[in-house]
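**Student:**
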Amino acid sequence: MIIEKSDKGGVSIEGLVYDYEKELAKVADTINVTEFEAVKKRIIHSIIQGKNIFLLGDGINSAIADHFAVDITKNVGIALGNNGLRVQAISMNQPMPLVTALANDVSQDMVYAEMLRLFAVPGDLLMIFSNEFSSESIENARKYAYEHGIKIVSISGEESCKSLTPAHAVLKIKSDNPFIIQDILLFLTHTLTDCLKEEIKYPVVFLDRDGVINVDSPDYIKSIEEFRLIEGVPEAIKLLNLNGYAVVVITNQSIIGRGMVKEKQVEEIHQHMKKELFEKGAVINGIYYCPHAPAEHCTCRKPSPQLIQQAFEEMPLARENAYMIGNSGSDIETGLNAGIRTIFIGEPGELGENLQCQNTYAAGNLFDAVTWIIKNR
1 MIIEKSDKGG
11 VSIEGLVYDY
21 EKELAKVADT
31 INVTEFEAVK
41 KRIIHSIIQG
51 KNIFLLGDGI
61 NSAIADHFAV
71 DITKNVGIAL
81 GNNGLRVQAI
91 SMNQPMPLVT
101 ALANDVSQDM
111 VYAEMLRLFA
121 VPGDLLMIFS
131 NEFSSESIEN
141 ARKYAYEHGI
151 KIVSISGEES
161 CKSLTPAHAV
171 LKIKSDNPFI
181 IQDILLFLTH
191 TLTDCLKEEI
201 KYPVVFLDRD
211 GVINVDSPDY
221 IKSIEEFRLI
231 EGVPEAIKLL
241 NLNGYAVVVI
251 TNQSIIGRGM
261 VKEKQVEEIH
271 QHMKKELFEK
281 GAVINGIYYC
291 PHAPAEHCTC
301 RKPSPQLIQQ
311 AFEEMPLARE
321 NAYMIGNSGS
331 DIETGLNAGI
341 RTIFIGEPGE
351 LGENLQCQNT
361 YAAGNLFDAV
371 TWIIKNR
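With UniProt numbering, the residue at position 324 of the sequence shown is 324, and numbering never jumps.
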């Protein structure tokens with residue numbers, strides 16, 4: 001680096017800034033796009049699968065781990081949380097009292113490996129941020145993760161990357177200047193955060209309500225007391241949750257438009273449904289319903305795809321990996337009109353002739369349908 005003197009005889013700050021920015025730009029230009037995409041893909045997969053993300057930085061890069069944990073939680077987690085979806089990003093440099101206690105009781109070199117032993121499970125993700133050389137404590141954490149089925153991502157200087165292999169995704173920063181590496185790490189974490197906000201899309205299963213989730217009635221479901229879950233439904237929805245699927249209910253509730261109940265009563269039934277399922281370990285991420293009577297000729301009543309389209313607009317859902325499950329021809333038409341795959345609960349012969357040739361899978365119940373989805377994903 002060339003340090004220029006100013007006219008007044010001191011060091012030229014302008015020259016220092018120019019040289020540093022030039023070096024920073026040179027290193028940034030060497031970032032491998034394929035490596036970046038592999039890291040991003042690994043993070044997205046972990047979030048969609050509901051896995052914990054453990055962030056670990058050595059020395060000055062511990063601040064990068066803290067910063068990225070906050071970025072993911074604030075900019076990604078809150079938005080997903082509004083839809084009942086979960087992100088868990090944990091900086092292993094915090095809380096400091098725990099780090100200190102483990103260092104005293106175990107050893108400084110094994111502190112992060114011990115934290116993984118206490119809190120991580122197979123399938124979780126460990127992200128490592130490091131400069132030109134990684135510390136013994138980070139290397140031991142990497143070894144523990146690799147031996148116990150925890151996925152590993154390393155974003156580090158070239159020399160550090162060599163010692164931190166094998167890993168499931170590696171992004172090398174081609175510099176031996178620790179300050180340049182730290183600034184590139186900060187740039188990369190900000191870029192990753194922006195990408196995550198835009199690109200996280202959950203596979204989704206849309207469910208009809210009456211006759212699929214709860215026992216139907218010819219007199220309609222007008223109160224919480226009349227609402228009864230079908231056997232096996234909580235287990236089916238929980239299985240979808242565990243496999244990274246969002247679950248969204250799409251239902252016609254014409255009893256509102258017919259004047260049989262107030263809209264508030266239907267919403268109370270839905271809150272009761274969500275609560276009862278949640279107590280059994282199953283999560284509904286969204287509910288969309290049409291309140292109109294057929295005579296109103298609205299645009300949202302199934303088989304119109306409008307409610308599904310609204311869900312795609314408002315939630316982070318992947319249209320290319322979406323299903324509609326229902327027990328009526330109207331449900332199947334809704335899915336087909338929305339351009340997604342369909343599953344019929346019932347016998348194939350119960351569908352109209354036109355719908356039978358639409359490659360709609362027929363299942364005996366919701367659990368069978370979900371099992372088929374998971375098997376054929």
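Glycine is no exception: its CB is placed at the ideal position from the N, C-alpha and C atoms.
Remember, predicted model here, so these are calculated numbers, not experimental data.
At what residues does the beta strand (DSSP E) containing Cys290 begin and finish?
**Tutor:** Start and end: 286-290.
**Student:** Which residue from Met260, Lys264, Asn241 puts its Cα closest to that of Phe278?
**Tutor:** Phe278 has its Cα closest to that of Asn241, out of Met260, Lys264, Asn241.
**Student:** Secondary structure at Ala311, three-state DSSP: helix, strand or coil?
**Tutor:** Looking at Ala311 - three-state DSSP - the assignment turns out to be helix.
**Student:** How is Gln182 classed by DSSP in three states: helix, strand or coil?
**Tutor:** DSSP places Gln182 in helix when its eight states are reduced to three.
**Student:** Who pairs with Ser91 in a beta bridge, going by DSSP?
**Tutor:** In DSSP, Ser91 forms a bridge with Leu55.
**Student:** Locate the alpha helix (DSSP H) running through Ser46, then write down its first and last residues.
**Tutor:** Looking at the DSSP string, the run of the alpha helix (DSSP H) that includes Ser46 is 33-48.
**Student:** Where DSSP assigns a beta bridge to Val205, which residues make up the other side?
**Tutor:** DSSP lists Val247, Tyr323 as partners of Val205.
**Student:** Sort Ile308, Leu239, Thr193 by Cα distance to Ala89 and report the nearest one.
**Tutor:** For the residues Ile308, Leu239, Thr193, the minimum Cα distance to Ala89 belongs to Thr193.
**Student:** Let me know if Phe179 comes out buried or exposed under the rule of 16 or more other beta-carbons within 10 Å of its beta-carbon.
**Tutor:** So Phe179 ends up on the exposed side.
**Student:** In whole angstroms, give me the CA-to-CA distance for Val233 and Glu350.
**Tutor:** C-alpha separation (whole angstroms): 22 Å.
**Student:** Evaluate Gly81 with the Cβ neighbour count: other Cβ atoms within 10 Å of its Cβ, from every protein chain shown; 16 or more gives buried, anything less gives exposed.
**Tutor:** Exposed, because fewer than 16 other Cβ atoms sit within 10 Å of the Cβ of Gly81.
**Student:** Give me, in chain order, the residues of the same chain whose beta-carbon lies closer than 6 Å to that of Lys280; leave out the 5 immediate sequence neighbours on both sides.
**Tutor:** Within the same chain, Lys280 has close Cβ partners Pro234.
**Student:** Apart from the five residues just before and just after Ala38, which ones in its own chain have a Cβ nearer than 6 Å to its Cβ?
**Tutor:** Excluding positions up to five away in sequence, the list reads Ala169.
**Student:** Would you mind working out which of Trp372, Glu21, Gly15, Thr342 sits nearest Asn177, comparing C-alpha positions?
**Tutor:** The option with the nearest alpha carbon to Asn177 is Glu21.
**Student:** If you reduce the DSSP assignment to three classes, tell me which class Asp66 lands in.
**Tutor:** Asp66: helix per DSSP, three-state reduction.
**Student:** Once you ignore the five residues that flank Leu186 on each side, which residues in its own chain have a CB closer than 8 Å to its CB?
**Tutor:** These residues qualify, in order along the chain: Ile64, His67.
**Student:** So residue 379 and Leu317 are supposed to be a Cβ contact under 8 Å. How far apart are they, rounded?
**Tutor:** Absent from the model: residue 379. The displayed extent of the chain is 1 to 377, so no value can be given.
**Student:** For Thr191, does the count of other Cβ atoms within 10 angstroms reach 16, so buried, or fall short, so exposed?
**Tutor:** The residue is exposed, with fewer than 16 neighbouring Cβ atoms inside 10 Å.
**Student:** In whole angstroms, what separates the C-alpha of Val266 from that of Ile256?
**Tutor:** Roughly 8 Å between the two C-alpha positions.
**Student:** Going along the chain, which residues of its own chain have a beta-carbon closer than 8 Å to the beta-carbon of His272, five neighbours each way excluded?
**Tutor:** Hits under 8 Å: Ile224, Phe227.
**Student:** Thinking Val111 and Ala103 are a contact (beta carbons under 8 Å), I'd like their distance in whole angstroms, please.
**Tutor:** Sure, about 5 Å apart at Cβ, within 8 Å.
**Student:** If distances are taken between C-alpha atoms only, which option among Glu231, Ile31, Glu198, Pro291 comes closest to Gly77?
**Tutor:** Answer by Cα proximity: Glu198.
**Student:** Along the alpha helix (DSSP H) that carries Ile128, what are the first and last residues, could you check?
**Tutor:** Note, Ile128: premise wrong, no alpha helix (DSSP H); beta strand (DSSP E) at 125-130.
**Student:** Per DSSP, which one or two residues make a beta bridge with Phe344?
**Tutor:** Paired residues: Gly326, Ala362.
**Student:** Beta carbon of Phe367, beta carbon of Ala236: below 7 Å?
**Tutor:** Cβ atoms of Phe367 and Ala236: closer than 7 Å.
**Student:** How about Ala113 and Ala69: are their beta carbons less than 7 Å apart?
**Tutor:** Against a cut-off of 7 Å, the Cβ pair of Ala69 and Ala113 comes out as no contact.
**Student:** Pick out whichever of Gly57, Lys172, Ile325, Thr299 has its Cα sitting closest to the Cα of Leu36.
**Tutor:** Sequence inspection shows Phe at residue 36; the Leu mentioned does not correspond to that position. Closest by alpha carbon: Lys172.
**Student:** I'd like the ranges of any alpha helix (DSSP H) spanning at least 4 consecutive residues and lying wholly in the stretch 210-274.
**Tutor:** Taking only runs of at least 4 residues, the alpha helix (DSSP H) segments lying wholly in the stretch 210-274 are 233-242.
**Student:** With burial defined as no fewer than 16 other Cβ atoms inside 10 Å of the residue's Cβ, what is the status of Asp105: buried or exposed?
**Tutor:** Counting Cβ neighbours within 10 Å, Asp105 comes out exposed, since fewer than 16 surround it.
**Student:** Residues bridged to Val170 by DSSP?
**Tutor:** BP columns for Val170 point to Ser154.
**Student:** Out of Asn327, Ala167, Phe206, point me to the one whose CA is closest to Tyr289's CA.
**Tutor:** Minimum Cα distance to Tyr289 is reached at Phe206.
**Student:** Could you tell me the distance, in whole angstroms, from the CA atom of Lys51 to the CA atom of Pro218?
**Tutor:** So the two alpha carbons sit approximately 42 Å from each other.
**Student:** Excluding the 5 residues preceding and the 5 following His148 in the sequence, name in chain order all residues of the same chain whose CB lies nearer than 7 Å to its CB.
**Tutor:** So the list reads Pro122, once near-sequence residues are dropped.
**Student:** Looking only at its chain, what residues have a beta carbon closer than 8 Å to the beta carbon of residue 415, apart from the 5 residues adjacent to it on each side?
**Tutor:** This structure cannot settle anything about residue 415, because the visible part of the chain is limited to 1 through 377.
**Student:** Applying the criterion that 16 or more other CB atoms from any shown protein chain within 10 Å of the CB defines a buried residue, is Glu139 buried or exposed?
**Tutor:** Counting Cβ neighbours within 10 Å, Glu139 comes out buried, since at least 16 surround it.
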